[in-house]
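Here the structure is laid out as structure tokens; the discussion comes afterwards.
2 protein chains.
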Amino acid sequence: MNLRFKIWLDCDGKAFGEGPYELLKRIETTGSLHRGAAEMKMSYRKAWLLLQTMEKRLGISLLDRKVGGVSGGGSTLTEEARLFMRRYEAFRQESQKALLRIYDKHFPPE
Amino acid sequence: MNLRFKIWLDCDGKAFGEGPYELLKRIETTGSLHRGAAEMKMSYRKAWLLLQTMEKRLGISLLDRKVGGVSGGGSTLTEEARLFMRRYEAFRQESQKALLRIYDKHFPPE
Numbered sequence: 012m013n014l015r016f017k018i019w020l021d022c023d024g025k026a027f028g029e030g031p032y033e034l035l036k037r038i039e040t041t042g043s044l045h046r047g048a049a050e051m052k053m054s055y056r057k058a059w060l061l062l063q064t065m066e067k068r069l070g071i072s073l074l075d076r077k078v079g080g081v082s083g084g085g086s087t088l089t090e091e092a093r094l095f096m097r098r099y100e101a102f103r104q105e106s107q108k109a110l111l112r113i114y115d116k117h118f119p120p121e
Numbered sequence: 012m013n014l015r016f017k018i019w020l021d022c023d024g025k026a027f028g029e030g031p032y033e034l035l036k037r038i039e040t041t042g043s044l045h046r047g048a049a050e051m052k053m054s055y056r057k058a059w060l061l062l063q064t065m066e067k068r069l070g071i072s073l074l075d076r077k078v079g080g081v082s083g084g085g086s087t088l089t090e091e092a093r094l095f096m097r098r099y100e101a102f103r104q105e106s107q108k109a110l111l112r113i114y115d116k117h118f119p120p121e
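What follows is the structure, given as structure tokens:
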């Protein structure tokens, strides 16, 4: 038997969780909303709408949009978005560790 | 912003979580699978299949079935099922407490 869980942040609806985190992480790595969305096999439009919803629900700005230029523009995360991701990562890691410990306590391996 | 989460036990598929717990709890209270299922607006057949799946995945017997008799039979939980529920309740309560504490630590109220 194994423990399974899903944890997310809600603010008048789902505001942040694993999917949104993954999208931001890929935008951070690729420097592009287009490429980040493509890596998740998500349409650009769907990714863009997801970001709009997150920004509204979290009340923070997530993307610095660069339009045009030699590289054809790109998207980088705001400092606020990066800080939020680091907090979420720490929260997630600590939550996972605690849940596994509590699970093992109540359902010890035979 | 609020924390939301779902926790469940998996063993080759979902083995136990809030829905199954609720069903067992109602069978415990009403002394009947029929009434327990009805209270959850679940068909008798669906509840019965859910119990079969749980029994298989958890590897424990859940129901003592009484057939016929003056009261028309009924279902009571096995001792093993009751013990499992008490473990699950303790696990769930401790998990919830830990998650809320960790959430408040990383996302303190402003």
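Chains as they are written, first to last, in my numbering: chain A, 12 to 121; chain B, 12 to 121.
All C-beta atoms, glycine included, are put in the ideal place defined by N, C-alpha and C.
As the structure is a computational prediction, the values presented were derived from the model and not from experiment.
Pull up the CB-CB distance for residue 37/A and residue 50/A, whole angstroms please, since I reckon it's below 8 Å.
Residue 37/A to residue 50/A, Cβ: 5 Å. Contact.
When you compare each of 110/A, 90/A, 107/A, 74/A to residue 43/A by their alpha carbons, which one comes out closest?
Cα-wise, what sits closest to residue 43/A is 74/A.
Specify whether the region 15-28 of chain A and the region 19-28 of chain B touch according to this definition: at least 3 beta carbon pairs, one from each stretch, less than 8 Å apart.
Yes: at least three Cβ pairs fall under 8 Å.
Under the DSSP definition of a beta bridge, which residues are partnered with residue 71/A?
None; residue 71/A has no bridge partner.
Exposed or buried, which one is residue 139/B when buried takes at least 16 other CB atoms within 10 Å?
With chain B running from 12 to 121 in the structure shown, residue 139/B is simply not present.
Could you list which residues in chain B have their beta carbon closer than 9 Å to that of residue 12/A, in chain order?
Ordered by position in chain B, the residues that pass the 9 Å Cβ test against residue 12/A are 20, 21, 22, 26, 27, 68, 69, 70.
Would you list the residues sitting across from residue 98/A in a DSSP beta bridge?
DSSP output for residue 98/A lists no bridge partner at all.
Note down, in chain order, every chain A residue with its Cβ under 8 Å from the Cβ of residue 52/B.
The premise fails here: residue 52/B is roughly 24 Å from chain A at the closest Cβ pair, so nothing lies under 8 Å.
What are the partner residues of residue 118/A, as DSSP defines its beta bridges?
According to DSSP, which records beta bridges pairwise, residue 118/A is partnered with nothing at all.
Should the region 97-110 of chain A be called in touch with the region 57-68 of chain A, which here means at least 3 C-beta pairs below 8 Å?
Contact between the region 97-110 of chain A and the region 57-68 of chain A is absent, because fewer than three Cβ pairs lie under 8 Å.
Expressed to the nearest angstrom, what Euclidean distance is found between the alpha-carbon atoms of residue 53/A and residue 30/A?
Those two C-alpha atoms are separated by around 11 Å.
Closest to residue 98/B by C-alpha separation, out of 88/A, 39/A, 119/A, would be which residue?
Ranking 88/A, 39/A, 119/A by Cα distance to residue 98/B puts 119/A first.
Looking only at its own chain, which residues have a Cβ that is under 7 Å from the Cβ of residue 89/B, when we skip the five neighbours before and after it?
Cβ within range, chain order: 72, 73, 74, 75.
What alpha helix (DSSP H) runs, 4 residues minimum, are completely inside the region 16-43 of chain A?
DSSP runs (the alpha helix (DSSP H)) wholly in the region 16-43 of chain A: 29-41.
Do you know offhand how far residue 35/B's Cα is from residue 121/A's?
Answer to the nearest angstrom: the Cα atoms are 24 Å apart.
Against residue 17/B, what residues of chain A qualify as contacts under a CB-to-CB distance less than 7 Å, listed in chain order?
Within chain A, the residues near residue 17/B are 16, 17.
Tell me, to the nearest whole angstrom, how far the beta carbon of residue 47/B is from that of residue 58/B; I am working on the premise that it is less than 8 Å.
With 8 Å as the limit, residue 47/B and residue 58/B qualify as a contact, their Cβ atoms being about 7 Å apart.
From 117/B, 95/B, 115/B, pick the residue whose C-alpha is nearest to that of residue 28/B; which is it?
Measuring from the Cα of residue 28/B, the nearest candidate turns out to be 95/B.
What is the rounded straight-line gap between the Cα of residue 91/B and the Cα of residue 117/A?
So the alpha carbons of these two residues sit roughly 15 Å apart.
Which residue or residues does DSSP assign as beta-bridge partners of residue 88/B?
Answer by DSSP bridge pairing, in chain order: 74/B.
Would you list, in chain order, the members of the region 103-121 of chain A that have their beta-carbon closer than 8 Å to a beta-carbon of chain B?
Cβ contacts with chain B: 105, 106, 109, 110, 113, 114, 116, 117, 118.
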